[in-house]
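What follows is a set of notes on a single structure, which appears directly below.
Structure (structure tokens):
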């Protein structure tokens with residue numbers, strides 16, 4: 090009779106997304122609930138971004154894209170826009186060491202030329218300082234709109250076709266993808282939206298075609314490690330078919 094101990098198998102590692110995208114909604118409502126100015130909600134929301142960076146590194150999520158400022162947000166009151174731009178500068182300065190500590194590369198997508206010069210200068214500085222890191226990627230969507238991105242790609246494809254650099258008959262999905270803001274970044278596997286709103290708000294329209302959606306009533310300033318892990322666990326229980334049958 091064998092005296093060997095029975096072999097026990099380790100439970101399978103939880104499935105995590107390679108690329109997580111987040112629509113960070115609810116900063117203003119959180120501030121209103123607390124009886125605080127909207128700017129305080131944005132400041133508290135910036136803390137949630139820091140937590141998300143750390144949690145993604147802990148879980149092994151390589152790409153994190155956050156919807157930080159949309160093209161539509163420029164229509165907000167000037168005082169609020171100015172406060173958001175100032176908060177972005179402070180965030181970049183304050184979180185740079187966090188990026189270095191976690192070996193996370195900072196990138197940005199959107200109409201970056203719309204940003205104030207001082208913001209662009211700080212953004213470019215931190216992106217350059219972290220561009221050699223390969224452990225993780227934080228992508229800030231700034232002055233971003235999904236339709237704007239697709240229109241820009243269409244213009245560039247049309248320009249190349251007119252110049253004889255591209256055969257119009259050979260334009261396919263891959264052609265469009267390679268003309269988007271960051272063609273080397275894989276499409277999101279999971280899209281999280283906080284605050285319970287059931288819409289995608291012009292965010293990554295092309296890239297999220299087959300992303301899993303996770304909506305929570307929790308406002309972004311209260312969305313911390315526990316809530317992010319819960320969303321990833323839910324993602325791990327889903328079966329992605331990419332349009333195929335069972």
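Numbering (this note's numbering), first residue to last: 90 to 335. Don't be surprised by glycine CBs; every beta carbon is placed ideally from N, CA and C. It should be emphasised that the depicted structure is a prediction, and the values quoted were computed from it without experimental measurement.
Keeping to the same chain, check which residues put their C-beta closer than 6 Å to that of residue i; ignore five residues upstream and five downstream.
i           : result
residue 109 : 150, 153, 279
residue 294 : 235
residue 316 : 307
Give me, in chain order, the residues of the same chain whose beta-carbon lies closer than 7 Å to that of residue i; leave out the 5 immediate sequence neighbours on both sides.
i           : result
residue 91  : Confidence in residue 91 is poor, its pLDDT being 43 and thus under 50, which makes the residue's placement too unreliable to answer from.
residue 126 : 120
residue 304 : 282, 285, 287
residue 173 : 131, 158
residue 296 : 276, 277
Which stretch, first to last residue, makes up the alpha helix (DSSP H) that contains residue i?
i           : result
residue 150 : Note, residue 150: premise wrong, no alpha helix (DSSP H); not H, not E.
residue 232 : Here residue 232 belongs to no alpha helix (DSSP H); instead the beta strand (DSSP E) covers 225-233.
residue 303 : Where residue 303 is concerned, there is no enclosing alpha helix (DSSP H), although the beta strand (DSSP E) it sits in stretches over 301-304.
residue 119 : 116-122
residue 267 : Note, residue 267: premise wrong, no alpha helix (DSSP H); not H, not E.
For residue i, which option in the options has the closest C-alpha, if you only look at C-alpha atoms?
i           : options            : result
residue 308 : 107, 230, 136, 330 : 136
residue 51  : 267, 224, 233, 289 : It is not possible to answer for residue 51, since the shown part of the chain is limited to 90 through 335.
residue 179 : 284, 212, 192, 147 : 212
residue 171 : 269, 254, 291, 208 : 208
residue 143 : 229, 314, 237      : 314
residue 128 : 175, 311, 112, 215 : 175
residue 111 : 199, 289, 265      : 289
residue 141 : 193, 168, 302      : 193
residue 228 : 160, 258, 138, 173 : 138
residue 164 : 310, 118, 203, 238 : 203
What are the residues that DSSP puts in a beta bridge with residue i?
i           : result
residue 108 : 152
residue 195 : 227
Does the ligand ZN have even one heavy atom less than 7 Å from the beta-carbon of residue i?
i           : result
residue 252 : Annotation note on the ligand ZN: not contained in the displayed structure, which lists no ligands.
Go through its chain and collect everything with a Cβ distance to residue i's Cβ below 8 Å, but skip five positions before and after it.
i           : result
residue 253 : none
residue 275 : 107, 108, 152
residue 97  : For residue 97, the predicted structure reports a pLDDT of 45, less than 50, and the residue's modelled location is therefore unreliable. A value from the coordinates is still provided. The answer is none, since no qualifying residue turns up.
Which runs of the alpha helix (DSSP H) fall wholly inside the segment 271-297 and span at least 4 residues, in chain order? none
Run through the segment 165-223 for me and flag every whole alpha helix (DSSP H) of 4 or more residues, listed as ranges in chain order. 167-191, 206-219
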